[in-house]
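Encoded as structure tokens, the structure appears first; notes follow it.
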Amino acid sequence: MTDYDYDLFVVGAGSGGVRAANLAANQGARVAVAEVRHFGGTCVNLGCVPKKLLVYAAQFKDDFAAAAGFGWTLDNASFDWPSLIANKNREVERLQAVYQHHLQQSRVTIFNGKVQLLDAHTVAVAGAQCTAKRILLATGGWPFVPDIAGKEYIVTSNDMFSLDKLPERIVIVGGGYIAVEFASILNSLGVDTTICHREPKLLAGFDEDIRDFLATALRKQGIKILFDCDVQSIAAAGDAYNVRLLNGNTMVTDLVMYATGRTPNSRGFGLEQLGVALDDNGAIIVDSHYQTNLPSIYALGDVTDRVNLTPVAIAEGEALVNSLYAMQQRPVDYANIPTAVFCQPNIASVGLTEAKARQQYTDIDIYKTEFKPLKNTLSGKDENTLMKMVVDHATGKVIGLHMVGADAPEIIQGMAVAMRAGATKALFDSTIGIHPTAAEEFVTLQQVGT
Ligand code: FAD
Numbered sequence: 344m345t346d347y348d349y350d351l352f353v354v355g356a357g358s359g360g361v362r363a364a365n366l367a368a369n370q371g372a373r374v375a376v377a378e379v380r381h382f383g384g385t386c387v388n389l390g391c392v393p394k395k396l397l398v399y400a401a402q403f404k405d406d407f408a409a410a411a412g413f414g415w416t417l418d419n420a421s422f423d424w425p426s427l428i429a430n431k432n433r434e435v436e437r438l439q440a441v442y443q444h445h446l447q448q449s450r451v452t453i454f455n456g457k458v459q460l461l462d463a464h465t466v467a468v469a470g471a472q473c474t475a476k477r478i479l480l481a482t483g484g485w486p487f488v489p490d491i492a493g494k495e496y497i498v499t500s501n502d503m504f505s506l507d508k509l510p511e512r513i514v515i516v517g518g519g520y521i522a523v524e525f526a527s528i529l530n531s532l533g534v535d536t537t538i539c540h541r542e543p544k545l546l547a548g549f550d551e552d553i554r555d556f557l558a559t560a561l562r563k564q565g566i567k568i569l570f571d572c573d574v575q576s577i578a579a580a581g582d583a584y585n586v587r588l589l590n591g592n593t594m595v596t597d598l599v600m601y602a603t604g605r606t607p608n609s610r611g612f613g614l615e616q617l618g619v620a621l622d623d624n625g626a627i628i629v630d631s632h633y634q635t636n637l638p639s640i641y642a643l644g645d646v647t648d649r650v651n652l653t654p655v656a657i658a659e660g661e662a663l664v665n666s667l668y669a670m671q672q673r674p675v676d677y678a679n680i681p682t683a684v685f686c687q688p689n690i691a692s693v694g695l696t697e698a699k700a701r702q703q704y705t706d707i708d709i710y711k712t713e714f715k716p717l718k719n720t721l722s723g724k725d726e727n728t729l730m731k732m733v734v735d736h737a738t739g740k741v742i743g744l745h746m747v748g749a750d751a752p753e754i755i756q757g758m759a760v761a762m763r764a765g766a767t768k769a770l771f772d773s774t775i776g777i778h779p780t781a782a783e784e785f786v787t788l789q790q791v792g793t
């Protein structure tokens, strides 16, 4: 029997890698993890966590504006970006330390450095060579920047978390959740914000009603949205930039952010030389057990480019380790994964969109409501909430839930449990609401057209 240094060598200490490493070590495996940048990976350092902290900062603008309607007078409220970033950095550093601490507690060996794969059982990192029975690639993704003239001026979400100061104007290229979230944050913090998106709608993959509703809501807040719009080139013009569009128009701005997708982190550390199979986008191809075409090499999370969310990477890490070291087959259920966009207003969804449901079911019922939330009666804010439910007519089962409005992610998280349990519309209807809330509307929804 070959004597390897480790049972499992994990490459990347992000959401999926850390969970897999800790769990495997707790099952008695000899585990090492290597990280080239920051412990906690994208979510902790350049994704979910710092993003949500900026979202909280941005929401104060609305709260301050609403306060007068509730009798408050606020004088001289002002915002300081460097203070926010310094406080955010402190929290991120705390979380990095927590991640490292948990790994140390689990007796995982930690390497700081970039891993190179030498063969199917050997890695080089930080001047050392180690062998492992299995290697797990959890190397995440990286923002994609197109090869256009002036691409050196482009910033991505990675850079936004450490800007020295806020620009006066920004052009955000892209229409996915990262583009929309940053547009909301920056607009609320006083930046003149333009979204330039090559498609006719934002948020591909979301329900059409949600996509239309969102564009109207963002425009109402002053965000400019240019659809069917793409950038040809960017040129420096003093401290600003001239952004030339494919349609011949030019925009002048202080910052150009691209949020046009993310590329799996699979190149430049030996995968190609070993013959690990990648798809056209560079995603590592794995089977349902996260195994690549080389049996000793596994991959999960964003580098496999399937459902690129932190809880999914974590669930995949758990499923893999449970099957390898605990003899438990508990595969991840990829159906009905709830998801959110932390823009203003919030968006959250679980299950099928109306369009997808029409493809998969012969007969569906649509329930929908749009209303002014109670808070906005006094706040004076001109913003409604939208809720939508998609139901399989034959069984009455709820197969899709969609919401735009305050706290949508908090509400939909609970609803997702009901949906996974197979809740029917009748069950929703028989559930007593909590009054007065927005969420209670989900248990009193009327069919469209009735
Ligand atoms: P990662 O967390 O990216 O970790 C990969 C790690 O591998 C990195 O730390 C990297 O440095 C390291 N690495 C790469 N190559 C090597 C190498 N050769 N050697 C050593 N180390 C290496 N998800 C949500 O669920 N909710 C959200 O609200 C959300 N918001 C987001 C906002 C933004 C702006 C972004 C960019 C992402 C967001 N995500 C969100 C997605 C989420 O961050 C990812 O799905 C998640 O982090 C994926 O985890 P992972 O373990 O696959 O990879």
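The sequence shown begins at 344 in the numbering used here and counts up by one.
Every residue gets a Cβ at the ideal spot worked out from N, C-alpha and C, and that includes glycine.
In this structure, the C-beta of Ile627 stays at least 6 Å away from each heavy atom of the ligand FAD. Shortest Cα-Cα distance from Lys494 to any of Phe525, Glu436, Glu434, Ile577 involves Ile577. Annotation: the segment 585-660 contains the following complete segments of the alpha helix (DSSP H) (minimum length 4 residues), in chain order: 614-617. The DSSP-derived three-state label of Arg437 is helix.
For the pair His464 and Ala481, the CB atoms are not nearer than the 7 Å cut-off. For Ser692, the enclosing beta strand (DSSP E) begins and ends at 690-694.
The continuous beta strand (DSSP E) containing Arg477 extends over residues 471-480.
Taken in chain order, the complete alpha helix (DSSP H) segments of 4 residues or longer contained in the segment 368-400 are 384-389. Between Pro674 and Asp648, the C-beta gap is not smaller than 7 Å, which leaves the two residues out of contact. A direct Cα-Cα distance of roughly 17 Å separates Gln575 from Ile568. For Lys711, the enclosing beta strand (DSSP E) has its first and last residue at 707-714. Around the C-beta of Thr635, 16 or more other C-beta atoms lie within 10 Å, and the residue is accordingly described as buried.
Cβ-Cβ distances below 7 Å link Gly723 to Gly412 in the same chain, with the five nearest sequence neighbours on each side left out; the list follows chain order. For Phe556, the enclosing alpha helix (DSSP H) stretches over residues 551-563. By the Cβ rule, the segment 724-739 does not count as touching the segment 649-663, because fewer than three pairs are nearer than 8 Å. Between Leu509 and Gly613 the beta-carbon gap is near 40 Å, outside 8 Å, which marks them as no contact. Boundaries of the beta strand (DSSP E) harbouring Lys567: 567-569, taken from the DSSP string.
Across the structure, Ala526 and Asp597 are spaced so that their CA atoms are roughly 14 Å apart.
Nearest to Leu397 by alpha-carbon distance, out of Asn369, Ser500, Gly618, is Ser500. If you ignore the 5 residues before and after Tyr601, its C-beta comes within less than 6 Å of the C-beta of Val488, Ile497, Thr499, Val516, all in its own chain and listed in chain order. Closest option to Gly384, judged by alpha-carbon separation, among Phe352, Leu417, Tyr442: Tyr442. In chain order, Gly355, Ala356, Asn455 place their CB closer than 7 Å to the CB of Glu378, counting only its own chain and leaving out the 5 sequence neighbours on each side. DSSP, read as helix, strand or coil, puts Asp735 in strand. Per DSSP, the beta bridge partners of Leu729 are Glu713, Val747. Short of 6 Å from the beta carbon of Gly604, and not among the five residues preceding or following it, lie these beta carbons of its own chain, in chain order: Phe487. In this chain, the alpha helix (DSSP H) harbouring Val523 covers 520-531. The alpha carbon of Asp725 has as its nearest neighbour, out of Gly565, Met503, Asp490, Val468, the alpha carbon of Gly565. Burial check for Leu529: the Cβ neighbour count within 10 Å reaches 16 or more, so the residue is buried. Counting other Cβ atoms within 10 Å of its Cβ, Leu479 reaches 16 or more and is therefore classed as buried.
Contact between Gly518 and Leu546 holds: CB atoms are separated by about 7 Å, below the 8 Å threshold. CA-CA distance, Gly765 to Val741, rounds to 7 Å. Straight through space, the alpha carbons of Glu436 and Ser505 are spaced by roughly 14 Å.
At the C-beta level, His745 and Lys768 stay beyond 7 Å of one another. Nearest C-alpha to Lys544 among Thr537, Thr536, Ile553: Ile553. Checking the DSSP bridge columns, you'll see Thr682 partnered with Ser692.
For Asn455, the enclosing beta strand (DSSP E) begins and ends at 452-455.
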